[in-house]
Ligand code: IVH
């Protein structure tokens with residue numbers, strides 16, 4: 001890692017560094033978003049982004065098109081500009097039953113002083129489950145698009161909304177000079193599925209439901225990304241308006257259509273309560289086949305002069321109500337419970353059901369969450385159960401119908417072994433609370449196919465073996481082809497570049513065949529140049545692997561992916577053993593846990609996790625195989641004698657100018673200091689650079705000494 005401050009970088013160095021930062025930040029984003037498994041601290045992540053921004057500020061011509069500063073990072077530091085809504089964006093009151101709707105009409109009638117015979121016409125509109133947006137047009141031109149935000153203040157997402165084909169940039173007809181059209185941005189089921197498939201293929205985070213994906217898509221800092229997402233928009237209300245072009249809600253929607261907006265085709269003007277309720281049932285029965293999510297029907301008093309008189313109560317209009325759909329339920333029989341092993345090793349119980357239609361969708365599986373949930377609901381195989389589908393969430397088992405339990409119903413025993421690899425599956429105990437984790441996890445780690453790819457990714461990542469260019473696509477390909485099962489295989493493969501070349505060429509051929517099939521194109525012959533390029537790729541990869549045949553002991557231990565062992569703990573452990581062999585040997589002893597606990601900074605949970613890892617024969621085999629391929633270099637003993645910081649807890653914050661964070665940490669640790677990421681009463685010293693923030697406040701609170709980088713360098717000599 002280049003330690004040079006941005007000001008000292010040459011243009012060539014800056015380019016290289018921006019390239020590295022883009023790759024590194026993207027990888028951390030992927031880990032954070034996609035896997036919920038960050039491998040660096042927030043502070044270190046922020047430091048990477050800051051360095052990227054600083055270099056870009058000095059070399060604006062070198063800003064990469066895929067620069068992290070264009071994208072919403074894991075923790076978005078960049079923000080959209082704020083927009084104060086000219087008229088607040090309100091929310092709606094809910095009705096959950098026919099009576100609630102009747103009460104609503106009654107309230108309107110009383111408020112307006114209308115006679116019982118007088119009908120109150122309302123528009124009934126599907127309640128779209130997306131996110132609302134406000135579009136401001138001046139003289140027919142779109143000038144601003146904003147999110148709802150808190151109703152009073154939203155975010156300026158004009159550039160993103162401009163990319164939606166349902167949103168006209170220039171209005172047709174004769175619109176009012178100032179017109180704010182409001183409506184819902186949403187994603188169809190089809191687009192949602194296609195997007196998730198694409199995200200998955202690219203190793204990016206997938207979205208939980210169409211609404212989240214619509215929200216995530218319009219809040220991209222790069223409008224190019226929004227443009228690539230199929231988003232739609234239904235117009236249904238307005239904010240500021242210079243003149244009202246119609247006298248009713250239904251008339252306004254007609255006008256919106258004339259101006260070029262898409263208005264939901266199902267909207268209907270109803271003239272009585274009976275018609276309203278009939279419409280509600282109709283929509284409810286169509287709901288599953290609409291192709292987009294709705295969660296109810298909105299009724300709005302049609303006459304705008306009445307709306308005006310009715311006004312608002314706090315943040316919702318008196319003239320409208322949302323009639324919500326109940327969660328859809330059905331009865332079926334639980335045929336079996338199967339366990340799925342997630343990439344983190346979590347054992348997730350899935351109910352296999354006799355297929356049943358719930359709100360028009362055939363449901364075959366439902367989640368049972370975890371072991372305790374099965375026990376709490378006393379769910380047995382053969383039971384008749386009530387299942388529920390609420391909107392887009394995964395179907396759930398609500399309860400068992402006890403009266404229908406057959407004699408043959410079998411209680412379920414949650415497995416204590418992983419069904420994929422046979423390793424022990426355990427529930428961990430939280431050190432602080434003493435509570436058992438709700439999830440049971442497979443301890444198989446790398447030998448468990450369900451977890452292997454994920455673990456292998458970690459193995460080659462920067463804080464572990466740091467094998468440059470060994471991306472996820474290689475890992476997945478080689479794993480699928482059976483060439484990469486355990487870390488040692490990486491080094492075995494490096495000795496067989498031909499095999500590696502063939503596997504990767506095959507994969508590429510498959511990928512381009514898929515692409516051609518999709519685009520309906522003929523095969524293209526590979527040019528000599530392409531082949532040479534591919535050969536070079538493998539050459540580089542082999543060189544990157546070979547460069548790691550000698551590896552520092554802390555990296556080696558970190559790479560094993562032992563639970564609770566990250567960079568810091570791996571270093572703590574490594575420092576206490578003269579060689580990897582001595583460490584492995586020690587872990588085979590009965591008193592391994594006690595021995596580990598004697599290391600300062602190693603707690604009970606960590607010690608037990610390390611011992612558990614080495615208790616599994618397959619893990620010992622994996623380590624032994626790996627040791628046949630690589631040479632592990634022990635860490636130098638810290639020179640704590642005479643060190644002014646030995647035994648002290650130090651926190652680095654803000655930007656360091658003379659060294660990288662990593663370097664500073666390593667040097668401090670060499671001198672026997674413990675480097676922590678957060679300030680507490682236990683902190684002895686805070687080293688603060690420019691841009692230090694909340695940690696300084698914490699330091700003041702706990703009366704901790706704060707020094708700058710120069711003072712730190714003088715202190716440690
Ligand atoms: S009218 C003052 N109409 O529901 C009226 N809202 O719970 C404000 N929504 O924030 C909204 N479909 O995001 C209206 N046809 C529709 C709607 C609709 C969906 C959403 C909208 C609003 C929320 C209120």
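In the working numbering, the protein residues as written are 1 to 717. Cβ atoms here follow ideal geometry from the backbone N, Cα and C, with glycine treated the same way.
Smallest Cα separation from residue i: which of the options?
{"i": "residue 173", "options": "110, 240, 126, 245", "result": "245"}
{"i": "residue 705", "options": "548, 127, 650", "result": "650"}
{"i": "residue 49", "options": "62, 23, 61", "result": "23"}
{"i": "residue 712", "options": "700, 701, 694, 684", "result": "684"}
{"i": "residue 432", "options": "637, 516, 603", "result": "603"}
{"i": "residue 594", "options": "581, 580, 609", "result": "609"}
{"i": "residue 102", "options": "686, 88, 90, 119", "result": "119"}
{"i": "residue 273", "options": "104, 127, 671", "result": "104"}
{"i": "residue 616", "options": "64, 125, 442, 547", "result": "442"}
{"i": "residue 91", "options": "312, 627, 687", "result": "312"}
{"i": "residue 93", "options": "424, 25, 319", "result": "319"}
{"i": "residue 164", "options": "60, 39, 185, 500", "result": "185"}
{"i": "residue 422", "options": "407, 107, 339, 586", "result": "339"}
{"i": "residue 181", "options": "460, 566, 87", "result": "87"}
{"i": "residue 770", "options": "592, 5, 623, 589", "result": "Residue 770 lies beyond the residue range present for the chain, which begins at 1 and ends at 717; the question has no answer from this structure."}
{"i": "residue 220", "options": "210, 509, 157, 169", "result": "157"}
{"i": "residue 237", "options": "209, 161, 267", "result": "267"}
{"i": "residue 511", "options": "154, 169, 477", "result": "477"}
{"i": "residue 344", "options": "418, 231, 376, 297", "result": "418"}
{"i": "residue 739", "options": "306, 56, 574", "result": "With the chain running from 1 to 717 in the structure shown, residue 739 is simply not present."}
{"i": "residue 150", "options": "384, 41, 429, 83", "result": "83"}
{"i": "residue 493", "options": "544, 372, 446", "result": "544"}
{"i": "residue 385", "options": "199, 406, 308", "result": "406"}
{"i": "residue 231", "options": "555, 611, 194, 251", "result": "194"}
{"i": "residue 710", "options": "690, 498, 695", "result": "690"}
{"i": "residue 178", "options": "160, 240, 145", "result": "240"}
{"i": "residue 681", "options": "703, 27, 371", "result": "703"}
{"i": "residue 720", "options": "4, 456, 27", "result": "Residue 720 lies beyond the residue range present for the chain, which begins at 1 and ends at 717; the question has no answer from this structure."}
{"i": "residue 95", "options": "552, 627, 127", "result": "127"}
{"i": "residue 399", "options": "367, 428, 408, 413", "result": "367"}
{"i": "residue 718", "options": "145, 209, 154", "result": "It is not possible to answer for residue 718, since the shown part of the chain is limited to 1 through 717."}
{"i": "residue 497", "options": "516, 538, 169, 21", "result": "538"}
Would you grab the beta carbon distance between residue i and residue j for me? Rounded to a whole angstrom, and I think it's under 8 Å.
{"i": "residue 256", "j": "residue 166", "result": "Wrong, their Cβ atoms sit about 11 Å apart, outside the cutoff."}
{"i": "residue 449", "j": "residue 420", "result": "6 Å"}
{"i": "residue 348", "j": "residue 365", "result": "At roughly 11 Å, the Cβ-Cβ gap does not stay under 8 Å, so residue 348 and residue 365 are not in contact."}
{"i": "residue 634", "j": "residue 578", "result": "6 Å"}
{"i": "residue 688", "j": "residue 654", "result": "5 Å"}
{"i": "residue 380", "j": "residue 411", "result": "5 Å"}
{"i": "residue 58", "j": "residue 7", "result": "7 Å"}
{"i": "residue 452", "j": "residue 479", "result": "6 Å"}
{"i": "residue 490", "j": "residue 499", "result": "Rounded, the Cβ-Cβ distance is 13 Å, inconsistent with contact."}
{"i": "residue 335", "j": "residue 488", "result": "Not confirmed; about 41 Å, so no contact."}
{"i": "residue 535", "j": "residue 572", "result": "That pair is no contact at about 43 Å."}
{"i": "residue 472", "j": "residue 457", "result": "6 Å"}
Using a C-beta cutoff of 8 Å, does residue i count as contacting chain C?
{"i": "residue 616", "result": "No chain C is part of this structure, which consists of one protein chain only."}
Count Cβ pairs between the stretch 395-402 and the stretch 437-456 that sit closer than 8 Å; are there 3 or more? no
Segment contact flag, the stretch 281-299 with the stretch 185-196, C-beta cutoff 8 Å, min 3 pairs: yes
If we require 3 or more residues per run, which beta strand (DSSP E) segments fall completely within the stretch 642-702? Complete beta strand (DSSP E) runs here, min 3: 649-653, 674-676, 685-688.
Counting pairs of beta carbons, one from the stretch 215-229 and one from the stretch 320-328, are three or more of them closer than 8 Å? no
Going along the chain, which unbroken runs of the alpha helix (DSSP H) with 4 or more residues stay wholly within the stretch 288-321? 304-310
If you scan the stretch 441-504 from start to end, which runs of the alpha helix (DSSP H) of 4 or more residues do you find wholly inside it? 449-460, 472-480, 487-494
Would the stretch 463-470 and the stretch 544-557 be scored as touching if the rule is three or more Cβ pairs under 8 Å? Contact check between the stretch 463-470 and the stretch 544-557: three or more CB pairs, one atom from each, fall below 8 Å, which counts as touching.
Three-pair Cβ contact test at 8 Å for the stretch 198-207 versus the stretch 126-135: Touching, no, given that fewer than three Cβ pairs across the two stretches are closer than 8 Å.
3-residue-minimum beta strand (DSSP E) runs that sit fully inside the stretch 198-252, ordered along the chain: 232-241
Restricting to runs no shorter than 4 residues, where is the alpha helix (DSSP H) found entirely within the stretch 581-612? 592-597
Using 8 Å as the threshold, is the stretch 112-126 in touch with the stretch 294-307, meaning 3 or more CB pairs across them? Yes: the two stretches touch, three or more of their Cβ pairs being nearer than 8 Å.
Unbroken alpha helix (DSSP H) runs of length 4 or more, entirely within the stretch 549-576: which are they? 553-559, 567-575
At which residue ranges does the stretch 79-108 contain complete beta strand (DSSP E) runs of 3 or more residues, listed in the order of the chain? 82-84
Restricting to runs no shorter than 4 residues, where is the alpha helix (DSSP H) found entirely within the stretch 367-437? 371-377
Contiguous beta strand (DSSP E) assignments of at least 3 residues, all confined to the stretch 332-360: 347-358
Considering only residues of the stretch 139-191, which uninterrupted alpha helix (DSSP H) runs meet the minimum length of 4 residues and lie entirely inside it, listed in chain order? Listed in chain order, the complete alpha helix (DSSP H) runs (minimum 4 residues) inside the stretch 139-191 are 158-161.
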